[in-house]
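Note sheet for the following structure.
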Amino acid sequence: MRMKNALRPKFRKKSVHLLKLKKKKKKKKKKKKKKKKKKKKKKKKKRKKRKKKKKKKKNNNLFERMKNEFFEAKDKLSSRGTHDDPDVEVEKNVRDKETVECDTMKSPSSVPEHEMAVLHDDAGFASSTIVVYQDRPLPTPVEIEPIPMEIEKIDVDDPLESHKGRGHQKKRKAAVLLVFIVCVVCVLVECKYMVYNTSHGTVPGKINVHLVSHTHDDVGWLKTVDQYYVGSNNSIQGACVQNVLDSLIPALLADKNRKFIYVEQAFFQRWWRNQSDDMKKKVRMLVKSGQLEFINGGMCMHDEATTHYIDMIDQTTLGHRFIKQEFDAIPRIGWQIDPFGHSAVQAYLLGSEVGFDALYFARIDYQDRAKRKDEKKLEVVWQGSKSLGSSSQIFTGAFKTHYSPPDGFYFEVNDDSPVVQDDTSLFDYNVDERVNDFVAAALSMANVTRSNHVMWTMGDDFKYQYAETWYRNMDKLIHYVNQDGRVNALYSTPSIYTDAKYKSNDSWPLKTDDFFPYADTKNAYWTGYFTSRPAIKGYVRMMSGYYLAARQLEFFRGRNKAGGHTTDSLADALAIAQHHDAVTGTEKQHVANDYAKRLSRGYKESEDVVAESLGCLTQSLSPLKCKSPVTKFSQCPLLNISYCPATEVDLSHGQRLVSDSAGNKILSQLIPIVKVSISIRKFYGTAYTGRNSSTGPMYWLAFTAVVPPLGFSTYVITSGGSSTLIKPVSFTFDESQNGDIQVGPGSLKLIYSGIDGKLAQYVNSKSSVNISVEQSFIYYSGHDGSNGTTQSSGAYIFRPNGTFGIEPDRKNPLTVFKGPLFDEVHERISSWLYQITRVFKDKEHAEVEFTVGPIPIEDGVGKEIVTQIKTTIKNNKTFYTDSNGRDFLQRIRDYRADWDLQVNQPIAGNYYPINLGIYIKDKSTELSVLVDRSVGGSSIADGGVEIMLHRRLLHDDGRGVGEHLNETVCVRDSCFGLAVNGKYYLRLDTGGEGSKWRRSFGQQIYSPLLLAFTVEDDSHTKFPVPSFSAMDPSYSLPDNVGIITLQELKDESVLLRLAHLYEVGENKDLSGTATVELKKVFRNKKIKKIMEMSLSANQEREEMEKKRLSWKVESSNEKQGTNLRRSPVDPENLVVELAPMEIRTFIIIFS
1 MRMKNALRPK
11 FRKKSVHLLK
21 LKKKKKKKKK
31 KKKKKKKKKK
41 KKKKKKRKKR
51 KKKKKKKKNN
61 NLFERMKNEF
71 FEAKDKLSSR
81 GTHDDPDVEV
91 EKNVRDKETV
101 ECDTMKSPSS
111 VPEHEMAVLH
121 DDAGFASSTI
131 VVYQDRPLPT
141 PVEIEPIPME
151 IEKIDVDDPL
161 ESHKGRGHQK
171 KRKAAVLLVF
181 IVCVVCVLVE
191 CKYMVYNTSH
201 GTVPGKINVH
211 LVSHTHDDVG
221 WLKTVDQYYV
231 GSNNSIQGAC
241 VQNVLDSLIP
251 ALLADKNRKF
261 IYVEQAFFQR
271 WWRNQSDDMK
281 KKVRMLVKSG
291 QLEFINGGMC
301 MHDEATTHYI
311 DMIDQTTLGH
321 RFIKQEFDAI
331 PRIGWQIDPF
341 GHSAVQAYLL
351 GSEVGFDALY
361 FARIDYQDRA
371 KRKDEKKLEV
381 VWQGSKSLGS
391 SSQIFTGAFK
401 THYSPPDGFY
411 FEVNDDSPVV
421 QDDTSLFDYN
431 VDERVNDFVA
441 AALSMANVTR
451 SNHVMWTMGD
461 DFKYQYAETW
471 YRNMDKLIHY
481 VNQDGRVNAL
491 YSTPSIYTDA
501 KYKSNDSWPL
511 KTDDFFPYAD
521 TKNAYWTGYF
531 TSRPAIKGYV
541 RMMSGYYLAA
551 RQLEFFRGRN
561 KAGGHTTDSL
571 ADALAIAQHH
581 DAVTGTEKQH
591 VANDYAKRLS
601 RGYKESEDVV
611 AESLGCLTQS
621 LSPLKCKSPV
631 TKFSQCPLLN
641 ISYCPATEVD
651 LSHGQRLVSD
661 SAGNKILSQL
671 IPIVKVSISI
681 RKFYGTAYTG
691 RNSSTGPMYW
701 LAFTAVVPPL
711 GFSTYVITSG
721 GSSTLIKPVS
731 FTFDESQNGD
741 IQVGPGSLKL
751 IYSGIDGKLA
761 QYVNSKSSVN
771 ISVEQSFIYY
781 SGHDGSNGTT
791 QSSGAYIFRP
801 NGTFGIEPDR
811 KNPLTVFKGP
821 LFDEVHERIS
831 SWLYQITRVF
841 KDKEHAEVEF
851 TVGPIPIEDG
861 VGKEIVTQIK
871 TTIKNNKTFY
881 TDSNGRDFLQ
891 RIRDYRADWD
901 LQVNQPIAGN
911 YYPINLGIYI
921 KDKSTELSVL
931 VDRSVGGSSI
941 ADGGVEIMLH
951 RRLLHDDGRG
961 VGEHLNETVC
971 VRDSCFGLAV
981 NGKYYLRLDT
991 GGEGSKWRRS
1001 FGQQIYSPLL
1011 LAFTVEDDSH
1021 TKFPVPSFSA
1031 MDPSYSLPDN
1041 VGIITLQELK
1051 DESVLLRLAH
1061 LYEVGENKDL
1071 SGTATVELKK
1081 VFRNKKIKKI
1091 MEMSLSANQE
1101 REEMEKKRLS
1111 WKVESSNEKQ
1121 GTNLRRSPVD
1131 PENLVVELAP
1141 MEIRTFIIIF
1151 S
């Protein structure tokens, strides 16, 4: 920077002419030599004096450099020719150093007298005095003596000339010039580049403030994932992740003590693909040194309420294996800072089981946080699984407030926090003030946590787009705070922080259950997003089940040998869709469209994988010939709108006959497609295909299929058969109607009232269950934030403003279809609400298919549609919901285990996320409801269960998305509210017997049968391989075990995961240890090597267990870490044992 004029010597209206040395005559040469000898002697004496002074007074490095530069300048002047001007060289030096920052300078007004250093020439002239300021006391100044020179002419106007003789004046003038040189050099030395001490580690006995530099990069929210990465569409939000990573790396390379953590691999992998080899080498060096640390490590920071545990595992594995392959690094920390509540599955499966040492997050209920702060219980040991016990525990920390820095310590370019201003040549010097602010914030945080370590999350959403602004200020804070000495500041990471907490050897409170539901104020429960955007939720779940099956077929075909299409695109799309502003439904509409588009493209490529694999397997082709099989299979992704051209055949020449691969006839039935389905097909088919669909199929063909484990079966449909054509029977109702209507061809009967047509009784002759049941629809009107409040119901928040029943229009009759396989009951509740209930011959549950929408909003009221099932079960406020489709957790209405709940929202505050199901029970009966996608639900009154099906709202809830939740579909110039089609499943059992159905059928709902179709010219043509199973025909998996991953990896190894489906004590027969014989699972393959891995398959299980931290828990004298899992797999017999709720992961290499 340029020097201030006030700090330069002032020569007022003076002109200095070029100095010319006198030419000496030859006859004076001898005399001159003598003088030179005298001068040399004088110089030697002076130098000896200076050396003596140096021994007596130890000057600091600053003045040593000043002296050295002075004598260098002096020597130069002595050797100059007649045309050399000393000022020219000095001014050149000034220009060379103009850009140097004066980081050690204080403003003169703030410097006390004892901090001034005054330099004089030895003649004592005030005109040659300069004052130099610095931020610490100066050592004794060096006295500078003038250089005697012979000067031919000096024309200088000097106000002191009359007081001195001319000879002395000549010497003084030269001294003035040299003092000017020295003073400028002195100032320039003071204005050197400041090196801050950022090397501090932790200090025992002090409060250690761990500065954790981070950015939270949403993988889509207000902008799409790609828009966020490249920084486009900035009219919505100025965010560019590419800038973050581009600016971060040079900032880290500038100082080896700086650190940073990064989370979202969806962004990092985009950036990594475009980097040079040199840049990749630098980044690998940063990762190896610990400056750059990957934590969490998944493709996104997944949600914890609306995600299925298999999807959570898959997206985490995708990120973890990339980090391992590229950097040989293993993430140690879970970093779920933004999801809106936290699940037990996250703690033990996506925490402990992936090898994390700790889990940190920000969002917990405001009442919970207040109590934990008062009791210093923000940090706990969390045991997420009652089945796995203490071996599932993980150290867990909730932040004091948000995941941002303390107030006043934001340092992004456009933030308004005061920077650390330590340049004394500028105004607003504030080092003392900033240090005091820092210490105060550190003490405040230390008051709510245990041990002498606190973490500051130095970042926020999309921060570090110019990383140097953050690091420059943190460098200064660390330097000056540690000089101050009251607390210790250091660059850190959550791993370093966790290790420090562990070394403190404290005991921690034990936390069980989970952190749902989440509220940030008394009227703001974040329970609406459990249901928001049900269409995208259903699509994600459908694609997830499809991906599971597609990967299996890809393995059987031979992914690497066959080549061609892969499931990678669908894997990537599904991973991104697990983001906490994706499947949650809390994104802007154009972003939701982007997620759906990615899923559609991923499905399309995986559809080719499935078609090629089936063509290959049915024709018994080798992997090398699987790219173009003769038999072409097609699939039907739009069956939800009755659109499947591959299955649409003409019935004008007779009905259809179904036979299995052996030619045996299969019982089937035809059911007419009702008007509402035809209408939906026409509208949405046009929206999807862009073509009018004036005609379509009129019947569904239904039959029962049997498929072997890990395999497929083929069925042939031909014309001229004898399928049973079901004709509808209509019923109208009035008060004079006496007879009830019984529905169901098997042991299960549903009884409908003949008076009002409502469901009245559930009777199962097989289980002897006979109980009154009612099913109805209601809607909650969404609060608009009026009446003196500002909180509306919106994409995140559920805030009902009244409950209203939706009574069926009995002008529309109840329509019943009866057949040999199942009966159907069709109810047209209103013009926008339709329901079909199916009761099957060989099943003991009812399937309820609903079509909701467009939800009417002409009255200006947003509506949240709910179905309620009421029974006489006395559940005493208690109900059970699943955790990400895995464990079931007990819920008690209006109650929290960790604090005394102040009930402000009796409905919204009792809603919980449901991914698998909800049930209530008493001593004699259980009512279970399973779902096909994430929904919100509860038991608001004893004996009842309710689930929310759809939401359409007219006000934004003020949580950042900036849109009200009003989904529409437009075809040409017509736009309508979104209609949603989905299913839920209902069953009643005797007490304690419902778990088997919930677990076994829950697996079928998640991963239903994959359907594929082909056309044969000859109806009697047989496939060479009409049926297939990878397993030994005499073997099948135990009923309590599921294969949740079977995938060939790029290196030709195979990833296998086996899951025990039951909890401890859940079922008297199926909650014990299960065994799986791998030799029989892969009957035609020989296992060469098997390695048990962590859940995310990035490290061997044995190594992970060795590194696991065992934490002390309050009220226990022992550290917690007991391993309740089964023994390692013997490579000879290859039998895998599974404890209840255990998932075991293996990498297998086949011969």
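Quick note: the sequence shown, position 964, residue 964 per full-length UniProt numbering, numbers continuous.
Ideal placement from N, C-alpha and C gives every residue a C-beta, glycine not left out.
Residue i versus residue j: straight-line alpha-carbon distance, rounded
| i | j | result |
| --- | --- | --- |
| Ile-751 | Ile-771 | 10 Å |
| residue 1154 | Ala-370 | The structure shown does not extend to residue 1154, since the chain spans only 1 to 1151, so no value can be given for it. |
| Ser-620 | Glu-554 | 15 Å |
| Ser-995 | Asn-1067 | 6 Å |
| Ser-235 | Thr-586 | 19 Å |
| Tyr-539 | Met-455 | 39 Å |
| Val-929 | Ala-467 | 50 Å |
| Ser-606 | Asn-414 | 44 Å |
| Cys-626 | Val-1025 | 15 Å |
| Tyr-133 | Lys-400 | Confidence in Tyr-133 is poor, its pLDDT being 35 and thus under 50, which makes the residue's placement unreliable; the coordinate value appears in the next sentence. About 42 Å. |
| Trp-1111 | Ser-392 | 12 Å |
| Phe-361 | Ala-347 | 11 Å |
| Asp-514 | Arg-270 | 34 Å |
| Ala-441 | Val-209 | 10 Å |
| Ile-310 | His-320 | 15 Å |
Strand pairing of residue i, partner residues [DSSP]
| i | result |
| --- | --- |
| Pro-672 | Tyr-699 |
| Val-413 | In the DSSP output, where bridge partners are listed per residue, Val-413 has none listed. |
| Pro-800 | Gly-782 |
| Thr-618 | Thr-618 pairs with nothing; no bridge assigned. |
| Val-287 | In DSSP, Val-287 forms no bridge with anything. |
| Glu-774 | Lys-870 |
| Tyr-984 | Val-848, Val-931 |
| Thr-396 | Leu-359, Val-380 |
| Gly-917 | Leu-930 |
| Ala-519 | Tyr-525 |
| Ser-1027 | Ser-713 |
Boundaries of the alpha helix (DSSP H) in which residue i is found, first to last residue
| i | result |
| --- | --- |
| Gln-1004 | 995 to 1006 |
| Glu-1052 | Note, Glu-1052: premise wrong, no alpha helix (DSSP H); not H, not E. |
| Pro-1131 | Note, Pro-1131: premise wrong, no alpha helix (DSSP H); not H, not E. |
| Phe-267 | 265 to 273 |
| Asn-482 | 467 to 484 |
| Thr-790 | Careful: Thr-790 lies outside any alpha helix (DSSP H) and carries neither H nor E. |
| Ile-496 | 494 to 503 |
Bounding residues of the beta strand (DSSP E) (the contiguous stretch that carries residue i)
| i | result |
| --- | --- |
| Cys-970 | 968 to 971 |
| Pro-534 | It is not in any beta strand (DSSP E) - Pro-534 instead sits in the alpha helix (DSSP H) that spans 534 to 557. |
| His-320 | Unbroken run through His-320 is the alpha helix (DSSP H), 309 to 327; no beta strand (DSSP E). |
| Lys-1107 | Unbroken run through Lys-1107 is the alpha helix (DSSP H), 1101 to 1107; no beta strand (DSSP E). |
| Met-1141 | First-last for Met-1141: undefined, no H or E at that position. |
ask   = If we count Cβ pairs, one from each stretch, closer than 8 Å, do we get three or more for the segment 340 to 348 versus the segment 1070 to 1086?
value = By the C-beta criterion, the segment 340 to 348 is judged not to be in contact with the segment 1070 to 1086, since fewer than 3 inter-stretch pairs fall below 8 Å.
Ordered list of beta strand (DSSP E) runs contained in the segment 856 to 882, each at least 3 residues = The DSSP assignment places 863 to 870, 878 to 882 as complete runs of the beta strand (DSSP E) inside the segment 856 to 882, in order along the chain (cut-off: 3 residues).
inquiry  = Measuring CB atoms only, is the segment 292 to 303 touching the segment 251 to 263, in the sense that at least three cross pairs come out at less than 8 Å?
reply    = By the Cβ rule, the segment 292 to 303 counts as touching the segment 251 to 263, because three or more pairs are nearer than 8 Å.
inquiry  = Extract the residue ranges of the beta strand (DSSP E) inside the segment 207 to 270, only unbroken runs of 3 or more that lie entirely within it.
reply    = 208 to 213, 260 to 262, all fully within the segment 207 to 270.
request  = Kindly confirm or deny that the segment 899 to 917 and the segment 514 to 529 touch, where touching means at least three C-beta pairs closer than 8 Å.
outcome  = A contact exists between the segment 899 to 917 and the segment 514 to 529.
inquiry  = Within 8 Å, do at least three Cβ pairs link the segment 286 to 293 to the segment 869 to 886?
reply    = The segment 869 to 886 and the segment 286 to 293 do not touch, with fewer than 3 CB-CB distances between them shorter than 8 Å.
inquiry  = Does the structure place the segment 224 to 231 close enough to the segment 437 to 457 that three or more beta carbon pairs sit under 8 Å?
reply    = Touching, no.
request  = Specify whether the segment 677 to 688 and the segment 627 to 644 touch according to this definition: at least 3 beta carbon pairs, one from each stretch, less than 8 Å apart.
outcome  = Touching, yes, given that three or more Cβ pairs across the two stretches are closer than 8 Å.
message = Under 8 Å, with one C-beta from each stretch per pair, do the segment 940 to 958 and the segment 786 to 804 reach the 3-pair mark?
response = Taking 8 Å as the limit for Cβ pairs, the verdict is that the segment 786 to 804 does touch the segment 940 to 958.
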